[in-house]
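The C-terminal position of the sequence shown is numbered 283 in the working numbering, with every residue numbered one higher than the one before it.
Note sheet for the following structure.
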Amino acid sequence: MAVPMPPRDFDDFKGLLAVEGDRLPRRLKEVARALLTRPDEVALSTAAQISEKIGVQPSTLVRFAQVFGFRGFSDLQSLFRDRLRETPFDHRSRIVSLHLEGTTALFDGFAQAANKSFEQARQTLDPEKVETAVANLTDALTIYVVASGRSFPAGAYAAYAFGALGIKAVLVDQIGGLGKTQINTSSPSDAILAISFTPYAPETVGLIEIARANKTPIIAITDNVMSPLASAAQIWLELSEADYASFRSLSATFALIMALSVAVAKKRGLEKTYGS
Numbered sequence: 008m009a010v011p012m013p014p015r016d017f018d019d020f021k022g023l024l025a026v027e028g029d030r031l032p033r034r035l036k037e038v039a040r041a042l043l044t045r046p047d048e049v050a051l052s053t054a055a056q057i058s059e060k061i062g063v064q065p066s067t068l069v070r071f072a073q074v075f076g077f078r079g080f081s082d083l084q085s086l087f088r089d090r091l092r093e094t095p096f097d098h099r100s101r102i103v104s105l106h107l108e109g110t111t112a113l114f115d116g117f118a119q120a121a122n123k124s125f126e127q128a129r130q131t132l133d134p135e136k137v138e139t140a141v142a143n144l145t146d147a148l149t150i151y152v153v154a155s156g157r158s159f160p161a162g163a164y165a166a167y168a169f170g171a172l173g174i175k176a177v178l179v180d181q182i183g184g185l186g187k188t189q190i191n192t193s194s195p196s197d198a199i200l201a202i203s204f205t206p207y208a209p210e211t212v213g214l215i216e217i218a219r220a221n222k223t224p225i226i227a228i229t230d231n232v233m234s235p236l237a238s239a240a241q242i243w244l245e246l247s248e249a250d251y252a253s254f255r256s257l258s259a260t261f262a263l264i265m266a267l268s269v270a271v272a273k274k275r276g277l278e279k280t281y282g283s
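So, in structure tokens, the structure goes:
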């Protein structure tokens, strides 16, 4: 794969990956996912630091950049730096200190990361896609919720929220290894709500492939265009959680799930009060 002209800006780069990303070799796909997952770090780090962080040789970064029409990695990196300069809120305020004393200080760090997650979500979530997701979930006979690993609490909450609002939802909890059996009952009249972020739970990826084979519409919440959920879903909502000291919460994810569930209930005329 090679493109005749390099992308003009970060959004152009993401759009090009959405169209051409599946044609990349496996190793370069991993590079794309890593770069998109933490664009701020790409903008602020050296090529050597980035290559060490994602576990590739610096020459791999150069090869990746050249595939997209750049002379070298620094030219590609300039797109990430321009994005950072144009971002209205302060990405440069890094949460870097683990040498804080006391639980309250740790709480403050996680709260700042949550605030940053909300600011990022306001930028990446496409209102039109969100409304289309709500329409698809509203029309579904049953909503199957698929989430594994770190994302599982968000999936469990989604199933609870839909159920509390009178919407039929099934949490594919995979208890007893029965995930495939659970998802295999889905049909084109239903919908899948799949949630996964880098490094993408293989259980979730496998289950949505079964849903695809069943022609069940898939709505995904994931972090970038190179996510396997993005390529599998009819609609995918871009959401990336900020981290504090490499720990990531699900603050923005939970807020999005609350918004989706309440919006679906309102469209169905099923407004209720959440149980305690």
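We treat Cβ as the ideally placed atom computed from N, Cα and C, and that holds for glycine.
Predicted, not measured: the structure shown is a model, and the values here were computed from it.
Looking at the secondary structure, which residues open and close the beta strand (DSSP E) in which residue i lies?
i	result
residue 245	242-245
residue 229	225-229
residue 74	Unbroken run through residue 74 is the alpha helix (DSSP H), 65-74; no beta strand (DSSP E).
residue 150	150-154
residue 285	Outside the shown range of the chain, which is 8 to 283, sits residue 285, and nothing can be said about it.
residue 176	176-178
What residue from the options has the CA that sits closest to residue i's CA?
i	options	result
residue 7	246, 247, 274 and 235	Lying before the first or after the last residue shown, residue 7 is absent from the chain, which here runs from 8 to 283.
residue 85	42, 116 and 66	42
residue 210	28, 195, 222 and 184	184
residue 232	12, 61, 17 and 21	21
residue 18	180, 141, 137 and 130	130
residue 264	138, 180 and 197	138
residue 144	273, 13 and 12	273
residue 30	221, 75 and 62	75
residue 255	230, 178 and 276	230
residue 242	250, 227 and 251	227
residue 240	216, 174 and 33	216
residue 250	238, 55, 208 and 45	45
residue 32	67, 115 and 247	67
residue 261	172, 175 and 167	167
residue 12	60, 73 and 63	73
residue 150	173, 133 and 252	173
Once the 5 residues before and after residue i are set aside, which same chain residues still bring their CB inside 6 Å of it?
i	result
residue 125	259
residue 71	35 and 38
residue 135	none
residue 257	161
residue 148	196 and 197
Looking at the unbroken alpha helix (DSSP H) that takes in residue i, where does it start and where does it end?
i	result
residue 118	110-131
residue 17	17-27
residue 137	134-146
residue 238	235-239
residue 207	Premise fails: residue 207 is in no alpha helix (DSSP H) and is neither H nor E.
residue 169	159-171
residue 30	No alpha helix (DSSP H) contains residue 30, which DSSP labels as neither H nor E.
CB-CB under 7 Å to residue i, same chain, minus the five flanking residues each way: which ones, in chain order?
i	result
residue 1	Shown here, the chain extends from 8 to 283; a query on residue 1 therefore has no answer.
residue 317	In the structure as shown, the chain starts at 8 and stops at 283, and residue 317 therefore has no counterpart that could be examined.
In the DSSP output, which residue or residues are listed as bridge partners for residue i?
i	result
residue 250	255
Residues in the same chain with beta-carbon distance under 8 Å from residue i, minus the five sequence neighbours each way, listed in chain order, please.
i	result
residue 141	267, 270, 271 and 274
(request) Could you say if the stretch 116-127 and the stretch 73-84 meet the contact criterion of at least three C-beta pairs nearer than 8 Å? (result) With the cut-off at 8 Å, the stretch 116-127 and the stretch 73-84 do not touch.
(message) Measuring CB atoms only, is the stretch 150-166 touching the stretch 193-212, in the sense that at least three cross pairs come out at less than 8 Å?
(response) Between the stretch 150-166 and the stretch 193-212, the count of Cβ pairs shorter than 8 Å is three or higher; the stretches touch.
(request) Spell out a yes or no on whether the stretch 148-158 and the stretch 174-194 are touching, meaning 3 or more CB-CB pairs, one atom from each, closer than 8 Å. (result) With a cut-off of 8 Å, the stretch 174-194 and the stretch 148-158 count as touching, because enough Cβ pairs lie within range.
(message) For the stretch 189-196 against the stretch 210-221, do three or more pairs of beta-carbon atoms, one drawn from each stretch, fall closer than 8 Å, so that the two count as touching?
(response) The stretch 189-196 vs the stretch 210-221: in contact.
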